[in-house]
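This report concerns only the one structure given below.
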Amino acid sequence: MIRAKKYIRILVINCAVLIGMLLLIEGAFRLIIPASEVVPAFSDQNLGMRGRPFVEANQTRGFALKPEFANRYYTVNSEGFRGQAFPKDLNRKHVILALGESTTFGWGVRDNETYPFYLEKCFSEKYRDVFVVNGGVPSYSSSQVLVALQETLAQGRIRPDLVLICILGNDVWYSSIANWHPDILVYQKPPQWVTMAMKYSRLGYACLMGFPKKSTQTNVFNAKALDKFKSNIVAMINVCKSHGVRLAFVEPPLDSGHLPKQGLDRFQIRYTRDYLVETISTYVRSVREVAEKYGVPVIDHSLGLNHKHQKGLFRDSDFHPTPKGNAMMARDVYAGIVGADLLPMLKNQNK
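So the mapping is simple: the numbering used here equals the position in the sequence shown, first residue as 1, plus 1.
This is the structure we're talking about:
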């Protein structure tokens with residue numbers, strides 16, 4: 002009993018010493034890092050929804066398209082996918098599920114001017130009963146596309162013969178957040194403990210963010226963000242494999258000439274234009290490398306990063322394809338699907 006009390010006393014003293022040391026260190030860091038230099042933790046859950054009446058909060062994806070929304074540009078059906086209502090005989094159709102972000106969704110173009118719409122039109126010229134589902138959501142990251150894929154296949158409402166995935170830009174964009182965390186890719190905010198530690202402790206802030214820089218950091222590559230991107234690609238492949246669904250990745254449409262001259266300068270790390278192109282190229286290569294390792298095709302097209310683009314294929318205001326660009330991309334994707342025999346059930350089927 003006496004020995005036990007002795008150990009408890011030693012433990013209490015050590016805990017008190019430890020707490021005292023942490024308080025002293027915290028005090029020192031409060032002198033080193035004044036409140037005026039503390040950059041708050043990135044936390045903006047409304048980022049992907051602000052100014053977008055066609056999206057709403059979603060518990061598992063952060064946000065998703067709002068079912069039955071309609072305006073003069075965008076229509077969302079009752080299932081939460083862009084475009085027309087699903088046909089009643091959907092289960093008798095050969096379904097292609099196109100997943101991705103704003104380039105799949107069709108930013109700034111009408112429902113009948115998106116690449117998935119034009120892709121279905123390409124098939125309809127020769128084959129019957131092919132239906133393309135537009136599963137694109139603006140600002141989606143690879144993590145959100147992965148969750149959308151998992152949920153869509155698990156629910157069973159759509160039973161695709163082929164899944165097409167086109168992603169890239171938003172993962173690169175979010176990688177320029179200094180306190181990047183995988184949760185940012187879904188909820189646009191780090192875990193609660195990170196937010197609390199950075200808000201109330203200068204020591205916690207220094208450990209998570211480092212010492213404040215006098216100027217914005219430039220061209221700092223985020224290896225953890227790329228690793229997460231790769232792991233999401235692998236997860237997508239495994240999800241499709243577990244459901245017995247064919248998968249192909251589609252090269253993201255991108256014109257380096259339409260990238261902003263100032264580069265990427267939204268969060269705590271600034272990417273110059275040349276470095277941004279280099280970073281995007283690294284992400285594109287990573288998709289090809291992972292896909293090749295698992296025997297999954299990557300469909301190239303005329304709007305890809307390595308192609309010289311014609312005028313009028315991308316919007317002047319941003320790097321999203323125009324209707325003309327989407328139509329060209331769809332024709333190339335169609336040729337890639339047929340050439341790689343990704344829908345073998347269509348071999349003996351003609352109109």
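By construction, the Cβ of each residue, glycine as well, lies at the ideal position given by its N, Cα and C atoms.
Sequence-distant residues of the same chain with beta carbon closer than 6 angstroms to D130, five excluded per side: K94 and H95
Buried versus exposed, by CB contacts within 10 Å (16 or more), D228: exposed
Span of the beta strand (DSSP E), counted from its first residue to its last, around V65: This sequence places Ala at residue 65; Val is not what is there. For A65, the uninterrupted beta strand (DSSP E) segment begins and ends at G63 to L66.
Buried or exposed by the 16-neighbour rule on C-beta atoms within 10 Å, applied to L66: L66 is buried by the Cβ-count criterion.
DSSP-derived helix/strand/coil call for G21: helix
Simplified DSSP assignment, three categories, for V96: strand
Status (buried if at least 16 other CB within 10 Å, exposed otherwise) for N113: With fewer than 16 other Cβ atoms within 10 Å, it is exposed.
Pair within 8 angstroms by beta-carbon distance, L306 and L255: yes
8 angstroms Cβ cutoff met for L100 and I159: Cβ distance not < 8 angstroms, so L100 and I159 don't count as in contact.
C-alpha gap between A292 and N47, whole angstroms: 33 angstroms
Residue from G170, S142, F70 and N135 with nearest C-alpha to T153: Looking only at G170, S142, F70 and N135, the smallest Cα-Cα distance to T153 is reached by N135.
Per-residue DSSP class, three states only, for I270: strand
First and last residue of the uninterrupted beta strand (DSSP E) at V164: L163 to C167
Beta strand (DSSP E) runs contained entirely in the region 243-294, provided each spans 3 or more residues: 247-251
In DSSP terms, what F82 is bridged to: In DSSP, F82 forms no bridge with anything.
A71, DSSP secondary structure in three states: Strand, per DSSP.
Distance between beta carbons of F87 and G137, contact taken as under 8 angstroms: Contact doesn't hold; Cβ gap of about 16 angstroms is too wide.
Option in M330, F222, P324 and P298 with minimal Cα separation from E279: Closest in alpha carbon position to E279, among M330, F222, P324 and P298, is F222.
Where the alpha helix (DSSP H) through F124 begins and ends: Y116 to S125
Assigned secondary structure, N353 (DSSP; H/G/I helix, E/B strand, else coil): Since the first and last residues shown for the chain are 2 and 352, residue 353 lies out of range.
Beta-carbon proximity check, M346 vs Y116, cutoff 8 angstroms: no
Residues that DSSP places opposite Q218 in a beta bridge: I270
V1 and Y284 closer than 8 angstroms at C-beta: The question about residue 1 has no answer here: the residues shown for the chain are numbered 2 through 352.
Contact belief for H321 with G109 at Cβ below 8 angstroms, rounded distance in angstroms: 6 angstroms
Selected residue, minimal CA-CA separation from Q60, among N180, Y141 and V187: Nearest to Q60 by alpha-carbon distance, out of N180, Y141 and V187, is V187.
Supposed contact pair V246 and I166 - C-beta distance, whole angstroms, cut 8 angstroms: About 11 angstroms separates the two Cβ atoms, so there is no contact after all.
Cβ-Cβ distance between G326 and P253 below 8 angstroms: no
Continuous beta strand (DSSP E) stretch holding V56: start and end: For V56, the enclosing beta strand (DSSP E) begins and ends at V56 to N59.
Terminal residues of the alpha helix (DSSP H) in which N327 lies: P324 to G340
Inter-residue spacing [alpha-carbon to alpha-carbon] between R332 and P192: So the two alpha carbons sit approximately 43 angstroms from each other.
Nearest-angstrom Cβ-Cβ length linking P183 and S144, presumed shorter than 8 angstroms: 7 angstroms
Which listed residue (E80, A336, R10 and A71) has its alpha carbon closest to that of D301: A336
Selection from L265, L32, N72 and G49 that minimises the alpha carbon distance to R111: N72
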